[in-house]
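What follows is a set of notes on a single structure, which appears directly below.
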Amino acid sequence: MSFDNPAKKAVQDKIESQIKTVEAKLDTLKAKAETARAAAELKAIADLVTKKHMIDQKLNDLKKSSESAYQRAKTDIESRVAELEKSVQSIEAKFKAA
C-alpha cells in the first residue's frame, strides 16, 4: 500500500470511513430485522453485506492501482458506495415507517 500522494490517502480514508459507517448501520439493521423477524429485510441486508465486501476488495485494488487506473477505480468505488448508502437508507426508512 502506497500513500505517496496525500490526496489519494485522503480519498481512501474518506471511502473507508463511509464503508465503516455503512457497516455499522447494516449491523444495527440486521439486529432490528432479526428481532422483528423480517425475512425480506434480512435477505436485503445480506445482499448489501455482500456488496460491501465487494467494495472492500475494490478499495484494496484501488490502493494498489497505477496512476492511469486510479481515477477510473476511484469513480467506480465512489459510485458503489453511494448506491450502498442509498440502499441502507431505504431499509432504514422501512423500519422507521413500521
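The numbering of the sequence shown is the working numbering, which starts it at 6 and goes up by one.
Glycine included, every Cβ here is placed at the ideal spot set by N, Cα and C.
Everything numeric in this text was worked out from a predicted model, so none of it was measured.
Taking only the alpha-carbon atoms, compute the straight-line gap between ILE96 and ASP18 and give it to the nearest angstrom. Your numbering for residue 96 matches position 91 in the sequence shown. Your numbering for residue 18 matches position 13 in the sequence shown. Taking the straight line joining both Cα atoms gives about 26 Å.
Open item on the list: Is ILE20 a contact residue of the ligand PLP, with contact defined as CB to any heavy atom under 8 Å?
Closed with: By its list of ligands, the structure shown contains no ligand whatsoever, and the ligand PLP lies outside what it can speak to.
**Q.** Sequence-distant residues of the same chain with beta carbon closer than 6 Å to LYS56, five excluded per side
**A.** In the sequence shown, counting from the first residue as 1, residue 56 sits at position 51. For LYS56, where only same-chain residues beyond five positions count, the Cβ hits under 6 Å are LEU89.
For ALA45, does the three-state DSSP call read helix, strand or coil? For the purposes of this step, residue 45 is identified with residue 40 of the sequence shown, where counting begins at 1. Note: ALA45 maps to helix in three-state DSSP.
Compare the C-alpha of GLU3 against each of ASP81, LYS101 and VAL93 and name the closest. Residue 3 falls outside the range modelled here, since the chain spans only 6 to 103, and no answer is possible.
Open item on the list: Could you check whether VAL16 and LEU31 sit closer than 9 Å to each other, using their CB atoms as the reference points?
Closed with: Locating residue 31 in the sequence shown gives position 26, where the first residue counts as 1. Locating residue 16 in the sequence shown gives position 11, where the first residue counts as 1. Against a cut-off of 9 Å, the Cβ pair of VAL16 and LEU31 comes out as no contact.
Exercise for review: Verify whether the separation of the beta carbon atoms of LYS63 and ARG85 is less than 9 Å.
Suggested key: Locating residue 63 in the sequence shown gives position 58, where the first residue counts as 1. Locating residue 85 in the sequence shown gives position 80, where the first residue counts as 1. It is a contact, given that the beta carbons lie within the stated cut-off.
Alpha carbon to alpha carbon, how far is ASP81 from ASN65? The residue labelled residue 81 in the question sits at position 76 within the sequence shown. The residue labelled residue 65 in the question sits at position 60 within the sequence shown. As the crow flies, the alpha-carbon of ASP81 is around 13 Å from that of ASN65.
If you measure between the beta carbons of LEU67 and ILE24, is that distance less than 9 Å? To locate residue 67, count along the sequence shown from 1; it is residue 62. To locate residue 24, count along the sequence shown from 1; it is residue 19. Against a cut-off of 9 Å, the Cβ pair of ILE24 and LEU67 comes out as no contact.
query = With 16 as the cutoff for other CB atoms within 10 Å, does GLU72 come out buried or exposed?
reply = The count along the sequence shown starts at 1 and reaches residue 72 at position 67. Classification of GLU72: exposed, given that the 10 Å Cβ count is below 16.
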